[in-house]
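**Student:** Take a look at this one; I'll ask things after.
In the working numbering, the protein residues as written are 541 to 727.
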């Protein structure tokens, strides 16, 4: 295992431990879960930098990084569903969108279509990260009806998940529209 993949493994462990703490101990563990999630996200990019600077980039490393990003994000989102920060249908819509979008992008790339997934993918990911951080902040602040900060954080988390859905589905439509001739020919 090279140093870049070791950094990715550390990010994965930190993120999963945060989600496990939240799942096991509930809102009382929201602060450590938020901290571990934040560190995991903040370290995203370090693994890629290490791989590029030490000339040890691999397809496995790139896939491991993407899988780590998604795994950490989705386990935290699912833990937040458990505590009522998100509704199940909203997360289900996001999961379906992710699966459909990835399959569509893979097909479009095979057909030779021009894909703009870096810009859209990063903005979508940042919205999802913001949603997790706002949702865990709402749990940490405690939503007892008297805390405006917690209510505001919960609203922000829902808006950010909605925005990530909008970005994802808009990307899908834009990719199809800009490449409809290439996609129609197929491969």
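The beta carbon of each residue, even a glycine, is placed where N, CA and C say it ideally should be.
Determine, using beta-carbon pairs with one atom in the segment 582–591 and one in the segment 684–698, whether at least three such pairs fall under 8 Å.
**Tutor:** Taking 8 Å as the limit for Cβ pairs, the verdict is that the segment 684–698 does not touch the segment 582–591.
**Student:** What is the C-beta distance between residue 711 and residue 641, in whole angstroms, given that I count them as a contact (C-beta under 8 Å)?
**Tutor:** 7 Å
**Student:** Using the C-alpha atoms, what's the distance from residue 713 back to residue 720?
**Tutor:** 10 Å
**Student:** Considering residue 714, what are the terminal residues of the alpha helix (DSSP H) in which it resides?
**Tutor:** Taken as a continuous stretch (DSSP letters only), the alpha helix (DSSP H) holding residue 714 covers 688–718.
**Student:** Looking at the secondary structure, which residues open and close the alpha helix (DSSP H) in which residue 595 lies?
**Tutor:** It is not in any alpha helix (DSSP H) - residue 595 carries neither H nor E in the DSSP assignment.
**Student:** Count the other C-beta atoms from every protein chain shown that fall within 10 angstroms of the C-beta of residue 609, then say buried if there are 16 or more, exposed otherwise.
**Tutor:** buried
**Student:** Give every residue of the same chain whose Cβ lies closer than 8 Å to the Cβ of residue 561, excluding the five residues on either side of it in the sequence, and list them in chain order.
**Tutor:** Cβ contact annotation for residue 561 (same chain, cutoff 8 Å, sequence separation greater than five): 569, 572, 573, 576, in chain order.
**Student:** Identify which residue in 541, 549, 579, 628 has its Cα closest to the Cα of residue 558.
**Tutor:** Of the listed residues, the one whose Cα sits closest to residue 558 is 579.
**Student:** In whole angstroms, what separates the C-alpha of residue 631 from that of residue 668?
**Tutor:** 11 Å
**Student:** Using beta-carbon positions only, say whether residue 644 and residue 701 come within less than 8 Å of one another.
**Tutor:** no
**Student:** Which word fits residue 593, buried or exposed, when buried means at least 16 other C-beta atoms lie within 10 angstroms of its C-beta?
**Tutor:** Exposure of residue 593 is indicated by the presence of fewer than 16 other C-beta atoms within 10 angstroms of its C-beta.
**Student:** Please report the distance separating the alpha-carbon of residue 564 from that of residue 590.
**Tutor:** 34 Å
**Student:** Taking the C-alpha atoms as reference points, what is the distance between residue 633 and residue 547?
**Tutor:** 31 Å
**Student:** Could you say which of 666, 694, 671 lies nearest to residue 679 if we only look at CA atoms?
**Tutor:** 694
**Student:** When the Cα atoms are used, what is the spatial distance from residue 691 to residue 621?
**Tutor:** 16 Å
**Student:** Hey, how far is the Cα of residue 597 from the Cα of residue 588?
**Tutor:** 8 Å
**Student:** Beta-carbon of residue 568 versus every beta-carbon of chain C: anything under 8 Å?
**Tutor:** The question asks about chain C, but that chain is absent: this structure has only one protein chain.
**Student:** Does DSSP put residue 627 in a helix, in a strand, or in coil?
**Tutor:** coil
**Student:** Taking the alpha-carbon of residue 600 as reference, which of 676, 706, 647, 541 has the nearest alpha-carbon?
**Tutor:** 541
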